[in-house]
């Protein structure tokens, strides 16, 4: 069964304290690995898609990387506005269906 | 920016009542997805459509849930009869290939 597991469940950082979120997956024939950000009361907002091991993508203070078994979302010098739940999802080859992890709730304190 | 629009944003009703949730996908997107989000299970796919045709509804309780796309600008998810365990946030997403773009959901409470 396809599975996506995120860790930690929750993470508290001080402003400026860099860290990484982990997403491990067992999705047969992974077609793409997706990162979303979700704010309270809102729907997930698309951040990145990664397609092959070794690929990296960046957006402001966020950088996503992909290996054959996991993906990392690195947050450099975070600010309070980066506080959100970050969701990881995998899609299987030949399908548009996404399997989501349960997310990491990030809190950045000023 | 184009957005997926969901209505209503909140719905509180009593057990046994029919519930209808609506979604307007982003213009030009050919796939529409319905998800349910709970604290315990996270985001779960209920059903999805491509070019208005249902492709997969294996995540949906068939006896009480139904999903349709009457036209390209409207997708509906119905629950009849509703039960307290259906309380959750229901999201619609649309896309053209990938990625999927989400609406802000319907928060459903069944008393």
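Chains as they are written, first to last, in the working numbering: chain A, 56 to 165; chain B, 2 to 112. Here a beta-carbon is modelled for each residue, glycine too, at the ideal position from N, C-alpha and C.
- Message: Assess contact between the segment 6-16 of chain B and the segment 59-74 of chain B, defined as three or more Cβ pairs (one per stretch) separated by less than 8 Å. Is contact present?
- Response: Flag = no, the segment 6-16 of chain B and the segment 59-74 of chain B do not touch.
- Message: Determine, for residue 100 of chain B, whether the minimum Cβ-Cβ distance to residues of chain A falls below 7 Å.
- Response: As a working mapping, residue 100 of chain B is identified with position 99 in the second chain. At a cut-off of 7 Å between C-beta atoms, residue 100 of chain B counts as an interface residue with respect to chain A.
- At which residue ranges does the segment 121-161 of chain A contain complete beta strand (DSSP E) runs of 3 or more residues, listed in the order of the chain? Complete beta strand (DSSP E) runs here, min 3: 125-130, 139-147, 153-155.
- Measuring alpha carbon to alpha carbon, tell me which of B/91, B/2, B/20, B/95 ends up nearest residue 107 of chain B. Here residue 107 of chain B corresponds to residue number 106 of the second chain, with the count starting at 1. Minimum Cα distance to residue 107 of chain B is reached at B/91.
- Among B/46, B/60, B/33, the one whose alpha carbon lies nearest that of residue 76 of chain B: Indexing the second chain from 1 puts residue 76 of chain B at position 75. Checking every option, the nearest Cα to that of residue 76 of chain B belongs to B/33.
- Query: At a CB-CB cut-off below 7 Å, which residues of chain B make contact with residue 99 of chain A?
  - Reply: As a first step, residue 99 of chain A must be located in the first chain, where it is residue number 44. Close partners of residue 99 of chain A in chain B (Cβ separation under 7 Å): 103.
- Message: Counting only Cβ pairs nearer than 7 Å, list the residues of chain A close to residue 72 of chain B.
- Response: Here the question's residue 72 of chain B lines up with position 71 in the second chain. Contacts between residue 72 of chain B and chain A, judged by CB atoms closer than 7 Å, are missing: the closest CB pair is about 21 Å apart.
- Message: Please classify residue 135 of chain A as buried or exposed, where buried requires at least 16 other C-beta atoms within 10 Å of its C-beta.
- Response: By 1-based counting over the first chain, the position of residue 135 of chain A is 80. It counts as exposed.
- Message: Checking 7 Å against the spacing of the C-beta atoms, do residue 103 of chain B and residue 99 of chain A come in under that value?
- Response: Taking the second chain and counting its residues from 1, one reaches residue 103 of chain B at position 102. Taking the first chain and counting its residues from 1, one reaches residue 99 of chain A at position 44. Result yes, Cβ atoms of residue 103 of chain B and residue 99 of chain A sit closer than 7 Å.
- With 7 Å set as the bound, which would you pick, yes or no: does the beta-carbon of residue 92 of chain B sit closer than that to a beta-carbon of chain D? Protein chains in the displayed structure are A and B, and chain D is not among them.
- In angstroms, rounded to a whole number, what distance separates the CA positions of residue 129 of chain A and residue 94 of chain A? Translated into positions along the first chain, residue 129 of chain A becomes position 74. Translated into positions along the first chain, residue 94 of chain A becomes position 39. Roughly 18 Å between the two C-alpha positions.
- How about residue 75 of chain B: is its C-beta nearer than 7 Å to some C-beta of chain A? Stepping through the second chain from its first residue, residue 75 of chain B is reached at position 74. At a cut-off of 7 Å between C-beta atoms, residue 75 of chain B does not count as an interface residue with respect to chain A.
- Buried or exposed (CB count within 10 angstroms, at least 16 for buried), residue 92 of chain A: Along the first chain, read from residue 1 onward, the residue named residue 92 of chain A stands at position 37. Counting the other CB atoms within 10 Å of its CB gives residue 92 of chain A a total of 16 or more, which places it among the buried residues.
- Message: Can you confirm whether residue 46 of chain B, when its beta carbon is compared against all beta carbons of chain A, has any partner nearer than 7 Å?
- Response: One-based indexing of the second chain puts residue 46 of chain B at position 45. Judged by the 7 Å Cβ criterion, residue 46 of chain B is in contact with chain A.
- Cross-chain neighbours of residue 32 of chain B in chain A, by beta carbon under 8 Å: Reading the second chain from its first residue, position 31 is the one you call residue 32 of chain B. The answer, in chain order, is 151.
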